[in-house]
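One structure is given here, and the rest of the page talks about it.
In the working numbering, the protein residues as written are 14 to 211.
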């Protein structure tokens, strides 16, 4: 099977992100996980067949698992529930698409770090901090942190890079109440998912 690099429906123009095609349907949206690959904010030339299906099924699992603890936007992942032009092309969308409520997106990514790795490790080596959060001296790469930390980033447009930001920068961007809410809920979700994984 060939990788699905993009989807197309006559009369609809999707917003193409790094990995997803998003169709605006008025008060709803159809989010389609393609097989495109993005690494370090770069979209690669070739995709991986079924990658979008795997991403969608993982998302579906976590929506179900966290149901009752976290509100979400998912309405259906059954192509029979999609608008007719999309349902008529079921093979293009089955397993990789979610019909969702349209919601206001916060312009940040909520990142929880439980281990000292990636860009967090690089920053820690230079300053002993991650996103401005002071950490104990002497930690090793990929070491489990004493407590998970909230290290948000910008939500970059395609072609630009996400940047780590401090909690105070998050407050300036989305307001204190929203920042505290998403921080606290993100940590709760991280801890619950971590317990499940153990």
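The beta-carbon is built from N, C-alpha and C at its ideal position, and this holds for glycine as well.
Residue 146 bridges to which residues according to DSSP? Working through the chain shown from its first residue, we reach residue 146 at position 133. Looking at the DSSP assignment, residue 146 forms a beta bridge with 143.
Can you list the alpha helix (DSSP H) stretches of 4 or more residues lying completely in the segment 69-138, in chain order? 97-100 and 103-106
Three Cβ pairs or more, each shorter than 8 Å: is that satisfied between the segment 131-138 and the segment 179-193? no
The alpha helix (DSSP H) with residue 203 in it runs from where to where? Along the chain shown, read from residue 1 onward, the residue named residue 203 stands at position 190. Run containing residue 203: 189-210, per the alpha helix (DSSP H) assignment.
Consult DSSP for residue 180 and reduce its assignment to one of helix, strand or coil. Along the chain shown, read from residue 1 onward, the residue named residue 180 stands at position 167. In this structure, residue 180 counts as helix in the three-state DSSP scheme.
For residue 62, which of 140, 17, 199 and 207 has the nearest alpha-carbon? Here the question's residue 62 lines up with position 49 in the chain shown. Answer by Cα proximity: 17.
So what does DSSP say about residue 66, is it helix, strand or coil? Your numbering for residue 66 matches position 53 in the chain shown. Reduced to three states, the DSSP call for residue 66 is helix.
How would you label residue 9, buried or exposed, when you count the other beta carbons within 10 angstroms and need 16 or more for buried? Nothing can be reported for residue 9: it is not among the residues displayed for the chain, which extend from 14 to 211.
Between the C-alpha atoms of residue 35 and residue 155, what's the straight-line distance to the nearest angstrom? Looking up residue 35 in the chain shown gives position 22. Looking up residue 155 in the chain shown gives position 142. C-alpha separation (whole angstroms): 35 Å.
According to DSSP, is residue 168 helix, strand or coil? On the chain shown, residue 168 is found 155 positions in, with the first residue counted as 1. Residue state, collapsed to three classes: coil.
For a test of the three-state rule: what should DSSP assign to residue 185, helix, strand or coil? Here residue 185 is taken as the residue at index 172 of the chain shown, counted from 1. Helix at residue 185.
Contacting residues, own chain, Cβ-Cβ under 7 Å from residue 27 (five flanking each side not counted): To locate residue 27, count along the chain shown from 1; it is residue 14. Excluding residues within five positions, the ones whose Cβ falls inside 7 Å are 20, 34, 35 and 36.
Name the one or two DSSP bridge partners that residue 37 has. The sequence position of residue 37 within the chain shown is 24, counting from 1. BP columns for residue 37 point to 42.
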